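J.: Note that UniProt numbering gives residue 66 to position 66 of the sequence shown, counting from 1, and the numbers run on in steps of one. Backbone N, C-alpha and C fix where the C-beta goes; we use that ideal spot for every residue, glycine too. Only a predicted model underlies this, so the values are computations on that prediction, with no experimental measurement involved.
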Amino acid sequence: MRLAATWTPNPDHPASWIGFLLALLGIAGCLIVMAGVAVTIALLRAQGPRKWGNYVLGPVILVVGLAVTGFGFRLL
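#1: Leaving out five residues on either side along the sequence, give the residues of the same chain with a beta carbon under 8 Å from the beta carbon of Leu24.
#2: How big is the Cα-Cα spacing for Gly29 and Val63?
#3: With 16 as the cutoff for other CB atoms within 10 Å, does Gly48 come out buried or exposed?
#4: Determine the DSSP secondary structure at Ala38, reduced to helix, strand or coil.
#5: Taking only beta-carbon positions, decide if Asp12 is within less than 7 Å of chain D.
#6: Whose C-beta lies closer than 7 Å to the C-beta of Thr69 among residues of the same chain, with five residues either side of it excluded?
Laid out in structure tokens, this is it:
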């Protein structure tokens with residue numbers, strides 16, 4: 001009862017699932033960004049003949065991750 005008496009929600013930011021899901025989307029975007037960086041580094045260090053996909057795949061994953069992160073954290 002004591003916690004219920006002292007905690008009041010901020011009327012400007014009502015508690016909802018949307019805020020939680022957008023934060024979760026932002027965190028997932030951060031994970032995608034880290035995967036994009038890892039793929040970029042791995043493909044640039046790969047031995048053998050290089051095709052155009054080695055230079056494009058990692059940065060595309062990185063940009064998608066940045067877009068997801070920006071969308072998730074910007075709309076909070």
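T.: On the basis of the supplied data:
#1: Gly72
#2: 10 Å
#3: By the neighbour-count criterion, in which 16 or more other beta carbons inside 10 Å mark a residue as buried, Gly48 falls on the exposed side.
#4: helix
#5: Structure shown: chain D not included; a single protein chain is present.
#6: Gly26, Gly29, Cys30 and Val33
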